[in-house]
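First the structure, in the form of structure tokens, and then the observations on it.
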Amino acid sequence: MTIASMLTLLFSAIMINNVIFARFLGICPYLGVSNSIETATGMAMAVTFVMTLCAIVTWPIQMYILNPLHLEYLQTIVFILVIASLVQFVELFMRKYARGLFDALGIYLPLITTNCAVLGIAILCIKQNYNLVQSIVFSFASALGFGMALIIFAGIRERFEVTDIPGPMRGAAIGLITAGILAMAFTGFSGMVK
64 MTIASMLTLL FSAIMINNVI FARFLGICPY LGVSNSIETA TGMAMAVTFV
114 MTLCAIVTWP IQMYILNPLH LEYLQTIVFI LVIASLVQFV ELFMRKYARG
164 LFDALGIYLP LITTNCAVLG IAILCIKQNY NLVQSIVFSF ASALGFGMAL
214 IIFAGIRERF EVTDIPGPMR GAAIGLITAG ILAMAFTGFS GMVK
């Protein structure tokens, strides 16, 4: 795989095929955790770490265990178990060896277990027939795209706190309208990579 194709995959996963705006995965944390830039950044870092690690673990399981044994139908269940186990392992490891990182990200790790974006990207890497390196790059880039969308949305929502918004538009209404406008902005990148 050439550097140009890696960069294309990276750009495509971040901007064009954004996990939130193009694939509609991870909508729950996108709307629920984006109240402040600080919490959005913490969630984005935790998702990036776990999603990339998930690609490193799930791809070999699929290729060397599930496919040879013709157990492809167990993919979703196995991947859910792997993600839950991985999140627990990361949480225990960080609590013991990286206390500062655990204090910063620890609250977001349990939320990642239920984030459908992590499972969706792991399955998508297999469906797209990516090799291990492509899966890692795609997962990392998808997580960056998720984080970018989350942080941008959180910044906009923080601005809403000091803006005079008409009563009926406050809260979820203005949040959903803003999410829709952000999604339209990201669709402007479609067609750039063929």
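Once you know that position 146 of the sequence shown is 209 in the numbering used here, the rest is easy, because the numbers rise by one and skip nothing.
The beta-carbon is built from N, C-alpha and C at its ideal position, and this holds for glycine as well.
Host alpha helix (DSSP H) of residue i (start-end)
i: residue 166; result: 162–168
i: residue 113; result: 100–124
i: residue 131; result: Note, residue 131: premise wrong, no alpha helix (DSSP H); not H, not E.
i: residue 76; result: No alpha helix (DSSP H) contains residue 76, which DSSP labels as neither H nor E.
i: residue 176; result: 172–176
i: residue 90; result: 90–95
DSSP-derived helix/strand/coil call for residue i
i: residue 241; result: helix
i: residue 191; result: coil
i: residue 233; result: coil
i: residue 251; result: coil
i: residue 228; result: coil
i: residue 136; result: helix
i: residue 64; result: coil
i: residue 203; result: helix
i: residue 156; result: helix
i: residue 184; result: helix
i: residue 147; result: helix
i: residue 85; result: coil
Inter-residue CB distance, residue i and residue j (contact presumed, cutoff 8 Å)
i: residue 82; j: residue 198; result: In fact, because the Cβ distance is near 14 Å, the residues do not count as touching under 8 Å.
i: residue 200; j: residue 175; result: At roughly 20 Å, the Cβ-Cβ gap does not stay under 8 Å, so residue 200 and residue 175 are not in contact.
i: residue 84; j: residue 246; result: 4 Å
i: residue 117; j: residue 181; result: 6 Å
i: residue 105; j: residue 171; result: 5 Å
i: residue 110; j: residue 209; result: 6 Å
i: residue 258; j: residue 252; result: Lying before the first or after the last residue shown, residue 258 is absent from the chain, which here runs from 64 to 257.
i: residue 88; j: residue 179; result: 5 Å
i: residue 100; j: residue 230; result: Going by Cβ atoms, the distance from residue 100 to residue 230 rounds to 25 Å, so no, they are not a contact pair.
i: residue 108; j: residue 168; result: 6 Å
i: residue 64; j: residue 202; result: About 15 Å separates the two Cβ atoms, so there is no contact after all.
i: residue 237; j: residue 228; result: 6 Å
Minimum Cβ-Cβ distance from residue i to chain B less than 8 Å
i: residue 202; result: Absence of chain B from the displayed structure is noted, only one protein chain being present.
Does the stretch 219–234 touch the stretch 120–129, meaning 3 or more C-beta pairs lie closer than 8 Å? no
Pairs of beta-carbons, one from the stretch 185–195 and one from the stretch 160–173, closer than 8 Å: are there three or more? The answer is no - the stretch 160–173 does not touch the stretch 185–195, with fewer than three Cβ pairs under 8 Å.
Just checking, does the stretch 65–81 make contact with the stretch 133–153 on the three C-beta pairs under 8 Å criterion? The stretch 65–81 is not in contact with the stretch 133–153.
Would you call the stretch 209–217 in contact with the stretch 88–106, where contact means no fewer than 3 C-beta pairs closer than 8 Å? yes
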